[in-house]
Amino acid sequence: MGLTLTEKILSAHLVEGEMVKGTEIGIRIDQTLTQDATGTMAYLEFEAMGVPRVKTERSVAYIDHNTLQNGFMNMDDHRYIGSVAKKHGIWFSRPGNGICHQVHLERFGVPGKTLIGSDSHTPTGGGIGMIAIGAGGMDVAVAMGGGTYYITCPKVVNVKLTGKLRPWVAAKDVILEVLRRLSVKGGVGKVIEYTGEGVKTLSVPERATITNMGAELGATTSIFPSDEVTLEFLKAQGRADAYTELSADSDAEYDETVEIDLCELTPMAACPHSPDAVKTIDEIGPMKIDQVCIGSCTNSSYMDMMKVAHILKGRTVCPSVQLSIAPGSKQVLTMLAQNGALADILAAGARVLESACGPCIGMGQSPNSGGISLRTFNRNFEGRSGTKDGQIYLVSPEVAAASALTGVLTDPRTLGDMPEFKLPESFLVNDNMIVEPAPEDEMDSVEILRGPNIKPFPTSEPMPETIDARVSLKVGDNITTDHIMPAGAKILPLRSNIPEISKYCFAVCDEGFHDRALNMGRSVVIGGSNYGQGSSREHAALAPLYLGVKAVITKSFARIHMANLINAGIIPMTFANEADYDRIDRDDELRIENVRQQIESGSVIRVTNVTKGFDFECDINFSQRQKAMLYAGGLLPYTKNNG
Ligand code: MIC
Ligand code: SF4
């Protein structure tokens, strides 16, 4: 039996376990990336490990999230990350150079390599044939130190593409179709592998849009083969030497197959407040809109921007609409400036932002109250835009630009003939905003710049014999990490200060949570299904840790968040019988006796609801390594105990 591309790359990097689906495997990591909002923690953790220099082939630190500097905090953090990078052998992409995933694809991605990043959209690298996975900061710190990265050996889904996209239908519509079919939890425990003749019709940036937003499926990652289209892209980036041809064997066996005929797709949108609430533009109709934002790691490539510039050229943004555009990287923005497309964009009345995440993470451009905002981004979770009742629709750049002109949701196919947009033969390459690390013999003299915003890491305790804790919060299904630990311009600058940022923990769901959890001392959180979907931010585990949360009991978990909870020493458990969810209320007192022994001996934990007087069972599924981490109180104490 032949192998899938996923199996080929994973088995070439396997250092622990066997390629048995559903079991834990350890893989060697070739490359890492961090961004600033998760990077400060990741580098504090890396420093705590005491490894002098990273052991990966390439590690890159990007500054792209916390770029609105309305206080000392963000720039202090940038300087901290820059100095750690210089000292420890990490390449540093300065603010202004672009969004981590876009720049990594352009300048560093290598087909067939493994990449983990402290950002859930790291799978963007799958567009160039990498196994690129989003992870918590601690896992990235361990990988930088040469440590193994652990995942559940995934099932592989074959998304077989046939045909070719029709004019004005975009790569964004492909991933929206996949989300429509599989849902935001359809990818959990799976890698989504794209195959079929249709693959060849998609450029690397288009493939990267699809693998990027594959994160919204809850998938471990997504991947495209590395073929002549990949070579063309790498050549244009002056990196043809990074190319290797890679694809699945023709007789590879997949766990599931989804067939999509590209010719049949039409422009679509994900409606508020979930990336899988997908409808066609026709179905939604000509809804009046207030704002349009174009950019983010999903849709900010040169090709995307050229299409937008073409649509806007010689026209004016509708007077009732605000249009913002953030090209994804300095490379993209400079090329637009040089070829005149930027002038067309400006002349139409767009507000051009720096190459960074910006509005995607609520760093400015929050819509008006109740405002309808079309965005080319990947997430439309409630409140993420910074406006609690903002109505965010996720669309392609083509839909976004066409609608910005008319003021209503507009099908770009009404624009008439589409010219051919071609990948340039060569991109403008100027890596002057990427700082090389200090040579090994000079690293000792590099001083780490630590601002007052950087507070120590919260400490955890080894697992107690018995957990007596009250329920500090009960939430429903599909709780995102944006609910657990919100982002936005006000809160993001506190990412290196866990005591301060904890004040906002779960504030979207219940403003009283912080004080209640602190007063309870030890507590348990109850959740529904797909708990913790979305971002990789380990703050969604570190803040609960700081507030005394000992266990989270849900109907099911999202992958990265579950790993982050274990890394923080918090026990994730799922209801053996989902009906028990309804029998527990906030403030109930729960008791788990002989926790360690129960974890050690089986796959079930017995919990007593002392308040209501009944026992219920929870499922657990921990590897020996995860058990040891939980006993020790998390990954850091575990790593220390194990030398
Ligand atoms: C996001 O898109 O939610 C973020 C902000 O990029 C996060 C990382 C973070 O919270 O810092 C992610 O996707 O992992
Ligand atoms: Fe940045 Fe948005 Fe991409 Fe997250 S999803 S990395 S916030 S652009």
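Residue numbers for the sequence shown, in the numbering used here: 293 to 935.
Note that the Cβ used here is the ideal one computed from N, Cα and C, for glycine as well.
Three-state secondary structure assigned by DSSP to residue i
i    : result
A562 : strand
L468 : helix
V307 : strand
C392 : helix
A375 : Reading the sequence as shown, one finds Ser at residue 375 and not Ala. S375 falls in the helix class under three-state DSSP.
L741 : coil
I317 : strand
I603 : helix
D911 : strand
Y823 : strand
P651 : helix
I897 : strand
P578 : coil
G409 : strand
K782 : coil
M710 : coil
E792 : helix
F338 : helix
R643 : strand
P446 : coil
T758 : coil
D596 : helix
A569 : coil
D553 : strand
V461 : coil
P415 : helix
Y535 : coil
Y685 : strand
Y354 : strand
Q323 : strand
F719 : coil
Nearest residue (CA-CA) to residue i, options the options
i    : options                : result
Y442 : V570, L306, G510, P387 : L306
I603 : N591, A633, C585, Q623 : A633
E690 : V767, A601, D774, G662 : A601
V448 : V609, G381, G478       : G478
S737 : R667, C801, T702, V376 : V376
N789 : V763, Q323, T296, M365 : M365
K379 : M735, T751, D802, K842 : M735
F867 : E310, L834, G606, V817 : V817
L538 : E885, K300, P778       : K300
M812 : G663, K452, Y838       : Y838
A304 : G294, R320, V312, I726 : R320
L557 : V570, P729, N886       : V570
D568 : R814, L686, G429       : L686
R875 : V461, G819, A920       : G819
Beta-carbon proximity of residue i to residue j, cut-off 8 Å
i    : j    : result
G840 : L922 : no
M560 : L457 : no
L397 : A500 : yes
Q583 : S718 : no
T359 : E545 : no
V466 : I552 : yes
S612 : G699 : yes
L947 : L471 : Absent from the structure is residue 947, since the part of the chain shown begins at 293 and ends at 935.
C563 : A696 : no
A540 : I502 : no
S566 : Q394 : no
L701 : I576 : yes
Q327 : H357 : yes
I783 : F798 : no
R399 : M725 : no
R883 : D703 : no
8 Å contact criterion, which residue i and residue j should meet: CB distance rounded
i    : j    : result
Q890 : I897 : 5 Å
L554 : G404 : 26 Å between Cβ atoms; not a contact.
P459 : G481 : Not really, about 37 Å apart at Cβ, beyond 8 Å.
G490 : P415 : So it is not a contact: roughly 19 Å between Cβ atoms.
Check: residue i C-beta below 7 Å from any heavy atom of the ligand ATP
i    : result
N366 : The ligand ATP is absent from the structure shown, which contains only the ligand MIC and the ligand SF4.
Quiz item: Does the stretch 825–838 come within contact of the stretch 407–418, defined as at least 3 CB pairs closer than 8 Å?
Solution: yes
Self-check item: the stretch 414–422 contacting the stretch 513–520, beta-carbon criterion three pairs below 8 Å
Solution: yes
Quiz prompt | Segment contact flag, the stretch 900–916 with the stretch 848–855, C-beta cutoff 8 Å, min 3 pairs | solution = no
Exercise. Check whether the stretch 752–769 touches the stretch 340–353, taking contact to mean three or more Cβ pairs, one atom from each stretch, closer than 8 Å.
Key: no
Practice problem: Please determine if the stretch 638–652 and the stretch 614–628 are in contact, where contact requires at least 3 C-beta pairs separated by less than 8 Å. | Solution: yes
Quiz item: Would you call the stretch 363–370 and the stretch 692–712 touching, i.e. three or more CB-CB distances under 8 Å?
Solution: no
Quiz item: Counting pairs of Cβ atoms below 8 Å between the stretch 426–435 and the stretch 331–348, do you hit three or more?
Solution: yes
Quiz item: For the 8 Å Cβ check, are there 3 or more pairs between the stretch 649–658 and the stretch 673–680?
Solution: yes
Exercise. Decide yes or no for the touch test of the stretch 741–748 against the stretch 785–801: beta carbon pairs closer than 8 Å, at least 3 of them.
Key: yes
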